[in-house]
Amino acid sequence: MDKSYTPQNIEQKWYDTWENKEYFKASGQGDPYCILIPPPNVTGSLHMGHAFQHTIMDALTRYHRMKGDDTLWQCGTDHAGIATQMVVERLLNAEGKKRTDFSREEFIEKVWQWKETSGGTISQQMRRLGDSPDWAREAFTMDDDLSNAVQEVFIKLHQEGIIYRGKRLVNWDPKFQSAISDLEVENHDEKGSLWHFRYPLADGVKTADGKDHLIVATTRPETMLGDTAVAVHPEDERYKNLIGQFVILPLVNRKIPVVADDYVDREFGTGCVKITPAHDFNDYEVGKRHNLPLVNIMSPQAKILAQAEVFEFGGKPIENYDNQLPQKYAGLDRFDARKLIIEEFDSLGLLEKIDDHALKVPRGDRSGDVIEPLLTDQWYVAVESLAKPAIDAVKQGEIKFIPENWDKTYYHWMENIQDWCISRQLWWGHRIPAWYDDQGNVYVGRSESEVRQENNLDQSVSLKQDNDVLDTWFSSALWPFATMGWPEETPELEKFVPSSVLVTGFDIIFFWVARMIMMTMKFTGKVPFKEIYITGLIKDEHGNKMSKSKGNVLDPIDLIDGIDLNSLVAKRTSGMMNPKIAEQIEKRTRKQFADGIEAYGTDALRTTFCALASTSRDINFDLGRVEGYRNYCNKLWNAARYVLMNTEGEDCGKDNTDFELSIADRWIISKLQDAIVTFEKQIKEYRFDLATQTLYEFSRSDYCDWYLELSKPILYNDNYSAEQKRGTRHTLINVLETTMRLLHPMMPFITEEIWQRLKPMVNASSDSIMVASFPEFNESLRDQKAIDDLEWLQKLIVGVRNIRGELNVSPAKPVNVLLKNANENDRRCLQEYRGFLSALAKLESIDEVSEQAPPSATALAGEMEVLVPLAGLIDVAAEVGRLNKEIEKLEKENKRLSGKLGNANFVERAPAEVVAKEKEKLAQAEISLAKLKDQKNQLESL
RNA sequence: GGGCGCUUAGCUCAGUUGGGAGAGCAUCGCCCUUACAAGGCGAGGGUCGCUGGUUCGAGCCCAGCAGCGCCCACCA
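At position 8 of the first sequence the residue is numbered 8 (UniProt numbering), and the sequence of numbers has no breaks.
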């Protein structure tokens, strides 16, 4: 083996082997265990969040595969409608072309081409991460069979009236010129103004205080062109007399009523609200209550129309309504129109005042454009009936959130769920299977010919398919069963629905998780998964979101392969619009990564992710941890080298069971049992952080730091018998082999590489560690006496090392040790473990003394004093200082304990065992204190 | 406005039914000891956000406050 660990030399090799041998397929034997991947965008690339979740999913998959379960990790990608269309449009723009330069078919063809060229990125990156999904089952949401499932679901829900079409206000994204769902709108605080406009009263009516106008306050002046009423609170004395009267809408000169509605907050603004039912969701509701007309004044581009479009609720056009708009606004962008309207109010003397005002501005999550509530025809899912069983499934524990608290978020949303707008005015996606005739009748079906046949429409009737596509999340919602072959009745559908656990982030609980639960229950009658493990979100080392604009993004592949500084800077600043920000990012990057990023390898990265996977909601990714775990890999690598150096070509008891286990052998085997039990418990609870710590402590502290050192005296010393040496070799190799299997789910590559070398020396039947069985706890191998005795040994060794360290005695210099006040057990242990002591504490000699000892440095092991005579070693003052430190510590402890035990309440009320324990501790502390003080006095009297 | 989360060592975080404050990194000291200097051995460092309560006993339970963050919601 090479002297140090180089991940590049082993990772690709093993991945290819595994894939070629088809180890990733479900075995067909054992209990089904299935994880569904949250399908990433097909044209995207994996970011740190993916890498993190994939590590968790792969670790679970590998663990269950080794446990003998029939394990499937179902993988695939999402067509991601808007996101993908945006990317392709941007590429076209770079060539000086636009989407609309092409026909729909041509454009979609271009998207498919782009998918072909870039669609492999994700799966290549997954391979680099060591992911082990069944590649043969890789799915894409636009594949034929998944598209078919989408169509079937749409048709079925439409038949049941759950999917319907309607003209309503939707969140309209003017940039994409498409509707988006409520979830895709982000409301953020922004600074704006509250404009106060005067609306003259009609017919000579006056307000209670004699004014001839009302003052309305608005944050959106441009919508006033579509006002159809002014609302006041029914109980508002100021305006009570005006209810039922009219105002003249300025600029438009339309007569509109004053209506009374509870919605109005008397305290806010002037207590008069302009009502624009076609451009505001609240006003829409008010308008509905008062049967006001819907006056649409904006085009899909969010420009003012030349003539308003007027409808009644339900969508029927109103013919005789005054739909005239001032011509100077026709074709004007909404924000230009706003400016002009304000100017016009001002010049007409109708602008009362302008207040600064903080408001929530709705913006499209992808476009960033201000969302416009717009009256359009869209398709909706009436989700209420689907939501009920989905809520119950969680309430009754059929589906469990981990951490549990997330159920509250889920309930809150589900119990207030609104109908889901599923149509999008895009080209890339599942086209809605609906056809219209010239009269505007709608026919839903699998194809035009089916529609014609079912509805007796011959060729004389012209039919046009709906231009819209479905929301991407509509197909994602079917993922749990569509990937298993639904609507066909496949064995997979039977076996892997429900899947075992969904691993995902809380950011898509509504977008995806809730909708999968609803759709899967509706169409299969089963829940989609039994558990939902909600992971935290990966942030940078200070808790900031990783984003291109912040310039703090890390690419998981760069952590695996390493990257030089200039390339990293180039990556982080490429495509930056703002050169100033680019400069800042470059400066920060050069400072933080002066030497670029080292190639840490996949296993170190995965281990870091596991170690960071606590219950926390934000996970701050610290590169220092990756380096630490890379070093840990190197540690394991070298431990394996040591083991192999001492076992290869030797009789390691593989077939010859005639060997003798030392105290160290029995101890490490016991500790291994504890590690297995603890690890499995923690994995069951999805505490990957604790599980990682368990394995880290066992393999590094117990195995490498202690056990390997304890094996040396046996292997290197002729005083030990062949049986003893064989026993130690057997333990060295078998514990390491088991440890590799324990670690494999987390660090697949290095464990396979090492395991393959150990394999010839153990009784292993499988070809690869990834299809070997997971270690099992064996109570009978746990030896409490070995654990106790080793603790004794450690105490003594650490005591001597402490003296060395603190008094600066060279580790190379052997010391003499005297033991005082030893009991029977101490004598027995000394007798049995003298060899270990001498080697690990580097002793010249070790003897028991009865009374007078020379001036010494002192450590305590229980009641036994461990004395290192000072002669020729160190100065007395240093040891006195050291003793003082110890004495101070003990005195503090002593005071605390005696205070506690002096408290009658404690002694009376605390459980007897607790009191006894405290008493014992106090007694111990007192003895230790006395001994150290005695030592100190002795030294000082010299 | 409602809901949720966080606050523990310089940094990033654990702390399991309340009973001796932990890890990794960083820092300091000694050491190139034949697996590993990407290493070994040892050490220092915390009024557990604040206030009050329950309790014999609180990092942990309860109440209030402060700061940070996230989600949801129709104040024009």
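Note that CB positions come from ideal geometry on N, CA and C, so glycine has one too.
DSSP places T276 in no alpha helix (DSSP H); its state is neither H nor E. Taking a cut-off of 8 Å on C-beta distances, the region 79 to 86 does not touch the region 52 to 63, as fewer than three cross pairs fall below it. Following the DSSP letters along the chain, one finds S670 inside the alpha helix (DSSP H) bounded by residues I663 to K684. Beta-bridge annotation (DSSP): P317 is paired with F311. In this chain, the alpha helix (DSSP H) harbouring A570 covers L565 to T573. In terms of Cα proximity to A599, the closest of M1, P7 and S385 is P7. Burial is judged here by how many other beta carbons sit within 10 angstroms of a residue's own beta carbon; Y716 has fewer than 16 and is exposed. For P39, same chain residues with a beta-carbon under 6 Å away, outside a window of 5 residues either side, are G76, T77 and D78 in chain order. According to the DSSP assignment, V444 belongs to the beta strand (DSSP E) that extends over V442 to V444. Secondary structure of Q418 (DSSP, three-state): coil. Under the DSSP assignment, T602 falls in the alpha helix (DSSP H) whose first and last residues are T602 to L612.
Of the candidates F529, F511, K522 and D471, F529 places its Cα closest to the Cα of F496. Shown here, L157 sits in a helix according to DSSP, grouped into three states.
Nearest neighbour of G601 by Cα position, chosen from N291, V185, S856 and F749, turns out to be F749. For H430, DSSP assigns no beta-bridge partner whatsoever. For D540, the closest of K13, Y533 and M48 by C-alpha to C-alpha distance is M48. Under the 10 Å beta carbon count, E184 is surrounded by 16 or more other beta carbons and is classified as buried.
The continuous stretches of beta strand (DSSP E) do not include T472, which lies in the alpha helix (DSSP H) extending over residues T472 to S476.
Per DSSP, the continuous beta strand (DSSP E) segment holding K167 begins and ends at I163 to D173. Under DSSP, H213 shares a beta bridge with P200. Per DSSP, reduced to three states, the secondary structure at Q693 is helical. Rounded to whole angstroms, K156 and I163 show a C-alpha spacing of 9 Å.
With respect to the 8 Å criterion, T535 and Q177 are not classified as neighbours on the basis of their beta carbons. Closest by C-alpha distance to D145, out of W479, Y696 and P911, is W479. Its chain contains A26, S27, G28, Q29, G30, D31, P32, Y33 and K495 as the residues whose beta carbon lies nearer than 8 Å to that of D70, once the 5 sequence neighbours on both sides are disregarded; these appear in chain order. At the C-beta level, K900 and L867 stay beyond 8 Å of one another.
For the pair V643 and V735, the Cα-to-Cα distance works out to about 10 Å. Look at the beta carbons and you see the region 499 to 510 not touching the region 451 to 462: under three pairs across the two are nearer than 8 Å. Taking C-beta atoms as the reference points, I304 and G331 count as a pair closer than 8 Å.
Judged by their CB atoms, A51 and F688 are not nearer to each other than the 8 Å cut-off. Note that the C-beta distance between A306 and V259 is not below 8 Å. The DSSP-derived three-state label of F774 is coil. Scanning the region 363 to 417 from its first residue to its last, the whole beta strand (DSSP E) runs of 3-plus residues come out as 372 to 381 and 400 to 402. Straight through space, the alpha carbons of R363 and T589 are spaced by roughly 31 Å.
If you keep only unbroken alpha helix (DSSP H) runs of at least 4 residues inside the region 2 to 79, you get 11 to 20 and 48 to 66. The three-state reading of DSSP puts M86 in helix, counting H, G and I together.
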